[in-house]
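Trainee:
There are 2 protein chains.
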Amino acid sequence: MPTNNKRFAARVDDIQPFRVVEVLTRAKELESLGRDIVHMEAGEPDFGTALPVIEAGIEALKNGATYYSDAKGLRELRESISLYYKSDYGVEISAERIMITPGASGALLLLAGLLVDRDDCVLMADPGYPCNRNFMRLVEGKGVLIPVTAANNFQLTAALVAEHWHKPDGVSSSAGGRTVAALVASPANPTGAVISKAELVSLFNAVEQQGGYLLVDEIYHGLDAKGKNGEKTAPSILEITDQAFVINSFSKYFGMTGWRLGWLVAPDWALPGLEKLAQNLFISMSTMAQHAALKCFTPQTRDILDQRRDEFKIRRDFLLPALRELGFIIPQEPAGGLYIYADISQLLGAFGGSFGDKFGRNSQEFCLIMLEQHGLAITPGADFGHHLSDRYVRFAFTTGMDRLALAVRRMKEIFR
Amino acid sequence: MPTNNKRFAARVDDIQPFRVVEVLTRAKELESLGRDIVHMEAGEPDFGTALPVIEAGIEALKNGATYYSDAKGLRELRESISLYYKSDYGVEISAERIMITPGASGALLLLAGLLVDRDDCVLMADPGYPCNRNFMRLVEGKGVLIPVTAANNFQLTAALVAEHWHKPDGVSSSAGGRTVAALVASPANPTGAVISKAELVSLFNAVEQQGGYLLVDEIYHGLDAKGKNGEKTAPSILEITDQAFVINSFSKYFGMTGWRLGWLVAPDWALPGLEKLAQNLFISMSTMAQHAALKCFTPQTRDILDQRRDEFKIRRDFLLPALRELGFIIPQEPAGGLYIYADISQLLGAFGGSFGDKFGRNSQEFCLIMLEQHGLAITPGADFGHHLSDRYVRFAFTTGMDRLALAVRRMKEIFR
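Listed in order, the protein sequences are those of chains A and B. Each residue of the first sequence is one higher than the one before, starting from 1 at the first, in our numbering. Each residue of the second sequence is one higher than the one before, starting from 1001 at the first, in our numbering.
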């Protein structure tokens, strides 16, 4: 019997479980009972890692790449990323400004540690990636969720930054400290909304004007639905300034989820602090994973990855109209990423929809019913924030066309 | 040109670079210039990962183990660790209480996040592992360094805990909050000091009496110099209580540094909070690394690892008397781990030693001279704390006998 008074740090109560993980866990339980589940919950590409990358990982292990490596990451990998910015974005980013991290999660941890003092606020869009605010909470800062809608492209804007930026008059208050940064994601999770170059410029200027930092999550880059002339739809903040922080990842476009590798691009002046933090918090990233990642940038692998991107676009182009026909409202057509964020209020009684309480009174209940009764795993909006989250669900098109078609057939039966 | 007022979080000034990394970097620079350097700085076994583990990693990659896995870690690996506690320690630790982490670093991050509120203090020995206090600082807590000496076995004791535990009268003060935990390491870095079972009981009771938590770093377990009848010299706190937290690692005895894998054993009541934190901070650990680690526990691998442990003991048994003969004072004979912590005051003029300022006025200068002039890479005491750190250096016996013999020959010349 514990005799202590079991007390956690206060932050533990404020940090929510990652609900998508709970949906996934329950989905797998149901599968183990023999149920057929269509997985549209997890933000993980279903293709696995491309073969040339796997082979490079095997080669690295055969060559004994099992030792610690530099806390900033393998020099060659940082140089490969530098070349990638040159080839794909036409920008010169010195390898010195690139740090490899244990997933984008590691990059978020470094930035929270570097920039966020106690009570400091970081503005972020609601809905958004759920863990962002928890990294800020970890270091006793605060993620301030700003409601966004179709009216502002489901993204923070210069106007929202100006409106919500907070500068207490020199006195730190537990009721709300000063704002130090804004964090945006383009393409965004869960909406797939992309920030245009013009709007990125405005955002950067708005944040710069406040003396703060702009952090841009670009982990869904490469998975943009290409524009009319085949050009990228999602510009990088690095095309605009060398004074923003970029979070990126080998998990999504590059298909290396289980290897846990991401990267961070930072302004020059921030590098010594970041390196010091990385030495202390990580010592090193996976050495063999970094050797494998070198092969992400070969023409052979890029061809595979681009085919996969095109397949994601085909799925998106199928699922988007199909969901609308079923009665989902989709105010934001995803311009990139792996998700469709869909409003179920027209389907649900609680919001005056057509089906009474048959499918639950909110998106949590809706998702539970879809999973338990109909074998469809989707993520409730509550995972992504508070703003109208009861009305929204997220579909991930991270499963094949046959499975998505099955999901649509099942829903046609359900909503008949 | 940056137009912002470039301001880091206050913690960044308080966090020191990991000096051993700087010694290593400079040593490699000198090598690239053609110098022959004996590496006795880094805490990384020189053997690399055992072949059966590497082969299991290759097999996992061939089988496509490239996806995210559970935030708590692979079930089979947690069960293997549970069996390891049964076979090697004779204790029943449910796999439920074991969480896989990205290195012991990840375990330290989870514990800081779970237990340490702003201004909360965690007692730790000085000298000790340098990053420990920085994890506490990251979450706005504080690592309180308690000077320890040969008189207390270079470890925290029940008496030191009682003396330094701090309970402000209900008021949190930035001058020093309440103490919530004590963190000990056995075998310790840098001294190799082991805490006996009787002393572990006293320590646990002392911390429990204050209503706090005992965290025990056991990452050098398995690398203990065996006792007279071949028994382990380092007991685990898990032999005593199920209410302490244990930090462990696949890096040292298990030889998997570059894979970044550790584990945490926690009391039942702490698991939901820890899992929530791990979901948010890590999403998943390296999946292929976990599959590889399963092979750490086979008799074949254990034989290899035990031979390596015996080799470390041979090195220790060579280096310890040799250093003493050279004039180093070694108050704590290492009972485990990879290090000898040696007092250089008898060698240095600044402390009334025999050589004037010839070898520097303190251990930083001494290490610099040894590296630059004599090709010997060792770590200055300042990496491990403040207490008498100017007088101490750490030798890691993580290089072969021929190299250690060369180091001793060079030092014989130097100190002639």
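All C-beta atoms in this analysis are idealised placements derived from N, C-alpha and C, irrespective of residue type, glycine included.
What residue range does the alpha helix (DSSP H) around residue 1408/B cover?
Mentor: Here the alpha helix (DSSP H) through residue 1408/B covers 1401-1414.
Trainee: Rounded to whole angstroms, what is the Cα-Cα separation between residue 1047/B and residue 1330/B?
Mentor: 26 Å
Trainee: If we cut at 8 Å on Cβ distances, does residue 1101/B have a partner in chain A?
Mentor: no
Trainee: Using the beta-carbon of each residue, which ones in chain A are nearer than 7 Å to residue 1131/B?
Mentor: By Cβ distance, chain A contributes 280.
Trainee: Using the Cα positions of residue 1044/B and residue 1251/B, report the straight-line distance between them to the nearest angstrom.
Mentor: 8 Å
Trainee: Taking the alpha helix (DSSP H) that residue 1006/B belongs to, which residues open and close that run?
Mentor: Unbroken run through residue 1006/B: none, as it is neither H nor E.
Trainee: Applying a beta-carbon distance threshold of less than 9 Å, which residues of chain B neighbour residue 165/A?
Mentor: Ordered by position in chain B, no residue passes the 9 Å Cβ test against residue 165/A, which lies about 14 Å from the chain.
Trainee: Using 8 Å for Cβ pairs, my map puts residue 418/A next to residue 144/A. What's the rounded Cβ distance?
Mentor: Here chain A comprises residues numbered 1 to 416, so residue 418/A is not present and cannot be evaluated.
Trainee: Between 1186/B, 1219/B, 1377/B, 1364/B, which has its C-alpha nearest residue 1334/B's C-alpha?
Mentor: 1186/B
Trainee: What did DSSP end up calling residue 1395/B once you bin it into helix, strand or coil?
Mentor: strand
Trainee: If you draw a straight line from the C-alpha of residue 1357/B to the C-alpha of residue 1349/B, how long is it?
Mentor: Computed Cα separation, rounded: 5 Å.
Trainee: State the start and end residues of the unbroken beta strand (DSSP E) segment that holds residue 343/A.
Mentor: 339-343
Trainee: Select from the segment 1042-1060 of chain B all residues with a C-beta closer than 7 Å to any C-beta belonging to chain A, and list them in chain order.
Mentor: Taking 7 Å as the upper bound on Cβ-Cβ separation, chain A lies near residues 1044, 1048, 1049, 1054, 1057, 1058 of the segment 1042-1060 of chain B.
Trainee: Quick check: is the beta carbon of residue 256/A nearer than 8 Å to any beta carbon in chain B?
Mentor: Yes - at least one Cβ of chain B is within 8 Å of the one on residue 256/A.
Trainee: Could you spell out the range, first to last residue, of the alpha helix (DSSP H) harbouring residue 1104/B?
Mentor: In the DSSP assignment, residue 1104/B falls within the unbroken alpha helix (DSSP H) covering 1103-1115.
Trainee: State yes or no: is the beta carbon of residue 134/A nearer than 8 Å to at least one beta carbon in chain B?
Mentor: yes
Trainee: Label residue 264/A either buried or exposed according to how many other C-beta atoms from any shown protein chain fall within 10 Å of its C-beta, with 16 as the threshold for buried.
Mentor: Buried, because 16 or more other Cβ atoms sit within 10 Å of the Cβ of residue 264/A.
Trainee: So which residues of chain A does residue 1190/B contact, with C-beta pairs closer than 9 Å?
Mentor: What residue 1190/B touches in chain A: nothing, since even the nearest Cβ is about 16 Å away.
Trainee: Please state whether DSSP places residue 1173/B in a helix, a strand or coil.
Mentor: Its pLDDT being 43, under 50, residue 1173/B is placed unreliably in this model, and the coordinates cannot settle the point.
Trainee: In this structure, does DSSP put residue 370/A in helix, strand or coil?
Mentor: helix
Trainee: To the nearest angstrom, report how far apart residue 1241/B and residue 1373/B are at their CA atoms.
Mentor: 50 Å
Trainee: Got a sec: is the Cβ-Cβ distance from residue 31/A to anything in chain B below 8 Å?
Mentor: no
Trainee: In terms of residues, what are the limits of the alpha helix (DSSP H) holding residue 197/A?
Mentor: Residues 197-209.
Trainee: Here's the rule: buried if 16 or more other CB atoms are within 10 angstroms of the residue's CB, otherwise exposed. What is residue 1063/B?
Mentor: Exposed, since its Cβ has fewer than 16 Cβ neighbours within 10 Å.
Trainee: DSSP three-state call for residue 1099/B: helix, strand or coil?
Mentor: Residue 1099/B: strand per DSSP, three-state reduction.
Trainee: Return helix, strand or coil for residue 36/A, following the three-state DSSP convention.
Mentor: coil
Trainee: Assuming the contact rule is C-beta atoms closer than 8 Å, residue 1015/B and residue 276/A should be a hit. Round their C-beta distance to whole Å, please.
Mentor: That belief holds up - the Cβ atoms of residue 1015/B and residue 276/A are roughly 6 Å apart, short of 8 Å.
Trainee: What residues are listed by DSSP as bridge partners for residue 1271/B?
Mentor: Per DSSP, none; premise fails for residue 1271/B.
Trainee: Would you tell me roughly how many angstroms separate the C-alpha atoms of residue 1216/B and residue 1415/B, rounded to the nearest one?
Mentor: 39 Å
Trainee: Please report the straight-line C-alpha distance between residue 117/A and residue 111/A, rounded to a whole angstrom.
Mentor: 11 Å
Trainee: Cutting at 7 Å between CB atoms, please list the residues of its own chain near residue 174/A, excluding the five before and the five after it.
Mentor: Caution is warranted here: a pLDDT of 44 is assigned to residue 174/A, below 50, making its placement in the model unreliable, and no coordinate value can be reported.
Trainee: What whole-angstrom Cβ distance do residue 1132/B and residue 1193/B have, given they're in contact under 8 Å?
Mentor: In this structure residue 1132/B does not touch residue 1193/B by the C-beta definition: roughly 15 Å separates them, more than the 8 Å allowed.
Trainee: Using only alpha-carbon positions, find the residue among 1207/B, 1291/B, 1274/B that is nearest to residue 1261/B.
Mentor: The shortest CA-to-CA distance from residue 1261/B to any of 1207/B, 1291/B, 1274/B is the one to 1291/B.
Trainee: Taking just the CA atoms, how far does residue 1009/B sit from residue 313/A?
Mentor: 41 Å
Trainee: Ignoring anything shorter than 4 residues or poking outside the segment 254-340 of chain A, list the alpha helix (DSSP H) runs there in chain order.
Mentor: 271-281, 287-293, 299-326
Trainee: For residue 93/A, which of 105/A, 104/A, 80/A has the nearest alpha-carbon?
Mentor: 80/A
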